[in-house]
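Engineer: Okay, here's the structure, questions in a sec.
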């Protein structure tokens, strides 16, 4: 099997060009180098594959290929698809790729306020106030009209989670407790212990494949809060008193928010599972395995549960019993973005793929993928006929990255306008969480700890009689 092979892989949802260079590794296997134009990968070393019963296997790439009549067929990168490669002689000097296009500049921020630490959480805006916590353990309320602080309170533990606002309460999880704060002044009403001690957290850096900059947003359903914890617990808590109602124990950490429909609470846990629970008792109704560590909070929509993972896959599951409806690869890229679904189209970001994707929510067929400048970890924000996305960047890294705020056309993914965000100190900078919107103001929080307000361009205003797409349903991290 040694040599260079090229062809295509995927399914009717999406097929992409791919090349494999296979060479003996000296240990009985074959070293694998990957050419993948859609991900800007050129001769990327991917480890060694082994031949078992005539099948070349490398689980990390979902690679299982058999040789027959001068071809390699089986699966590659897409476990639910098919690959077909032919031996192509010497490896070509380069495979074609798609370059990012220039676009007009978005205007700069209307205001900016420096917060008290790094920010990995997404700001949540309600009634003109943005609520956001920092790694410095401070939770802040900021008026989105001009950026002045309404109040700020010390929680005593780092905050990586987005808040939930309900009535006169703000609920937010630190790395040790679930806190209920008074919405008017930030006074703590109660705190609920999420674990006996905080779990270790590894922030993004170039020497680790286990970055951990996420934490679960509380899910508020009536008088009950649902929230996961680093010790694998999914807690149901009385919203008024902070008293535990029940606790489900998952196989590993829960680092993302839960989602819900009329029948179940849905949560994702490490090392990689989707769980459907009875909201009254916490009893597990079904469980579905993922292909890797969960990447973002699950989303439930019209009888389907959507869950992404660091195995480079997006899963669509039947909400009733958990069976798989479809599976879509993201071509080696982690998927840290929770999707949003508008008018039957699922919009989602991705990490190393550096693309925003529009996918038919029913079939999983890709409608378009549009390249942005960096890691798009947050949920795309619909505004009229456009999408707004923000990216993060890091260096040193194997590919160039840039932090930016970009506006895309929802119909075709074309980047209409963009503005580069300034580089920061350390390994990563830019925006890690979701964007938020308050009327005509777009709110973004940078990893470096700056909260900014931008004016929404007039082009995002819907036509007369049209409404903006709805906010994501109870499922943001």
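Residue numbers (my numbering): 24 to 500. Think of the CB as a built atom: it goes at the ideal place given N, C-alpha and C, for glycine as much as any other residue.
Using three-state DSSP, classify residue 441 as helix, strand or coil.
Structural biologist: Strand.
Engineer: According to DSSP, is residue 470 helix, strand or coil?
Structural biologist: Note: residue 470 maps to coil in three-state DSSP.
Engineer: Sort out for me which residues DSSP pairs residue 311 with in a bridge.
Structural biologist: For residue 311, which the question treats as bridged, DSSP gives the partners 297.
Engineer: Mind checking residue 41: buried by the 16 CB within 10 Å criterion, or exposed?
Structural biologist: Residue 41 comes out buried.
Engineer: List the whole-angstrom C-beta distance separating residue 209 from residue 180, where the pair is believed to meet the contact cut-off of C-beta under 8 Å.
Structural biologist: Not confirmed; about 15 Å, so no contact.
Engineer: Taking all protein chains shown into account, do 16 or more other C-beta atoms lie within 10 angstroms of the C-beta of residue 263, making it buried, or fewer, making it exposed?
Structural biologist: That one is exposed.
Engineer: Which of helix, strand or coil does DSSP assign to residue 62?
Structural biologist: In this structure, residue 62 counts as helix in the three-state DSSP scheme.
Engineer: So is residue 377 buried or exposed if we call it buried at 16+ other beta carbons inside 10 Å?
Structural biologist: Buried, because 16 or more other Cβ atoms sit within 10 Å of the Cβ of residue 377.
Engineer: Return yes when at least one heavy atom of the ligand NAD lies under 7 Å from the C-beta of residue 183, else no.
Structural biologist: Of ligands this structure carries none, so the ligand NAD is not represented either.
Engineer: Pull up the distance between the alpha-carbon of residue 392 and that of residue 62, whole angstroms please.
Structural biologist: Residue 392 and residue 62: Cα-Cα distance of roughly 11 Å.
Engineer: Does the beta-carbon of residue 359 have 16 or more other beta-carbons within 10 angstroms, so that it is buried, or is it exposed?
Structural biologist: Flag for residue 359 reads buried.
Engineer: Count the other CB atoms, across all protein chains shown, that sit within 10 Å of the CB of residue 346; report buried if there are 16 or more and exposed otherwise.
Structural biologist: The residue in question, residue 346, is exposed, as its Cβ has fewer than 16 Cβ neighbours within 10 Å.
Engineer: Between the C-alpha atoms of residue 108 and residue 388, what's the straight-line distance to the nearest angstrom?
Structural biologist: For residue 108 and residue 388, the distance between alpha carbons rounds to 22 Å.
Engineer: Check residue 84 in the structure and name its three-state DSSP category.
Structural biologist: Note: residue 84 maps to helix in three-state DSSP.
Engineer: Please name the residue in 276, 298, 468 and 478 whose C-alpha comes closest to that of residue 147.
Structural biologist: Taking only the C-alpha atoms, the option nearest residue 147 is 468.
Engineer: Quick one, are the C-beta atoms of residue 98 and residue 104 less than 8 Å apart?
Structural biologist: Taking 8 Å as the Cβ cut-off, residue 98 and residue 104 qualify as a contacting pair.
Engineer: What's the C-alpha gap between residue 244 and residue 261?
Structural biologist: Distance between the alpha carbons of residue 244 and residue 261 is about 10 Å.
Engineer: For the putative contact between residue 375 and residue 399, defined by C-beta atoms under 8 Å, what is the C-beta separation to the nearest angstrom?
Structural biologist: Contact flag wrong, Cβ pair sits at about 11 Å.
Engineer: What are the start and end residues of each continuous beta strand (DSSP E) run of 3 or more residues lying completely inside the region 210-273, in chain order?
Structural biologist: For the region 210-273, whole beta strand (DSSP E) runs of length 3 or above, ordered along the chain, are 211-216, 242-244, 247-251, 256-261 and 267-272.
Engineer: Less than 8 Å separating the beta-carbons of residue 438 and residue 126?
Structural biologist: Closer than 8 Å, so yes.
Engineer: Looking at C-alpha atoms only, which residue of 270, 227 and 207 is the closest neighbour of residue 216?
Structural biologist: Out of 270, 227 and 207, 270 has the C-alpha closest to the C-alpha of residue 216.
Engineer: From which residue to which residue does the beta strand (DSSP E) around residue 28 run?
Structural biologist: Looking at the DSSP string, the run of the beta strand (DSSP E) that includes residue 28 is 26-34.
Engineer: Have a look at 420, 174, 267 and 155 and flag the residue whose alpha-carbon is nearest the alpha-carbon of residue 182.
Structural biologist: Nearest C-alpha to residue 182: 155.
Engineer: My guess is that residue 159 and residue 197 are in contact by the Cβ rule of under 8 Å, so how many angstroms apart are they, rounded?
Structural biologist: So it is not a contact: roughly 11 Å between Cβ atoms.
Engineer: What are the boundary residues of the beta strand (DSSP E) that residue 370 is part of?
Structural biologist: Residue 370 -> beta strand (DSSP E) spans 368-371.
Engineer: At the level of alpha carbons, what is the spacing between residue 88 and residue 43?
Structural biologist: Answer to the nearest angstrom: the Cα atoms are 11 Å apart.
Engineer: Select from 101, 394 and 327 the residue whose C-alpha is nearest the C-alpha of residue 367.
Structural biologist: The shortest Cα separation from residue 367 among 101, 394 and 327 belongs to 327.
Engineer: Below 8 Å between beta carbons: does that hold for residue 322 and residue 310?
Structural biologist: No. Outside cutoff.
Engineer: When the Cα of residue 234 is compared with those of 226, 93 and 405, which residue comes out closest?
Structural biologist: Answer by Cα proximity: 226.
Engineer: Who are the near neighbours of residue 534 in its chain, counting only those whose CB is closer than 8 Å to its CB and skipping five residues on each side?
Structural biologist: Nothing can be reported for residue 534: it is not among the residues displayed for the chain, which extend from 24 to 500.
Engineer: Run the CB neighbour count on residue 223, radius 10 Å, all protein chains shown included, and call it buried at 16 or more, exposed below.
Structural biologist: Classification for residue 223: exposed.
Engineer: Per DSSP, residue 410 forms a beta bridge with which residues?
Structural biologist: Bridge partners of residue 410: 405 and 431.
Engineer: Could you name the residues that DSSP lists as bridge partners for residue 289?
Structural biologist: Bridge partners of residue 289: 282 and 299.
Engineer: What does the Cβ neighbour count give for residue 266, buried or exposed, with the cut at 16 atoms within 10 Å?
Structural biologist: Classification for residue 266: exposed.
Engineer: CB-CB under 6 Å to residue 207, same chain, minus the five flanking residues each way: which ones, in chain order?
Structural biologist: Taken in chain order, the list of residues that qualify is empty.
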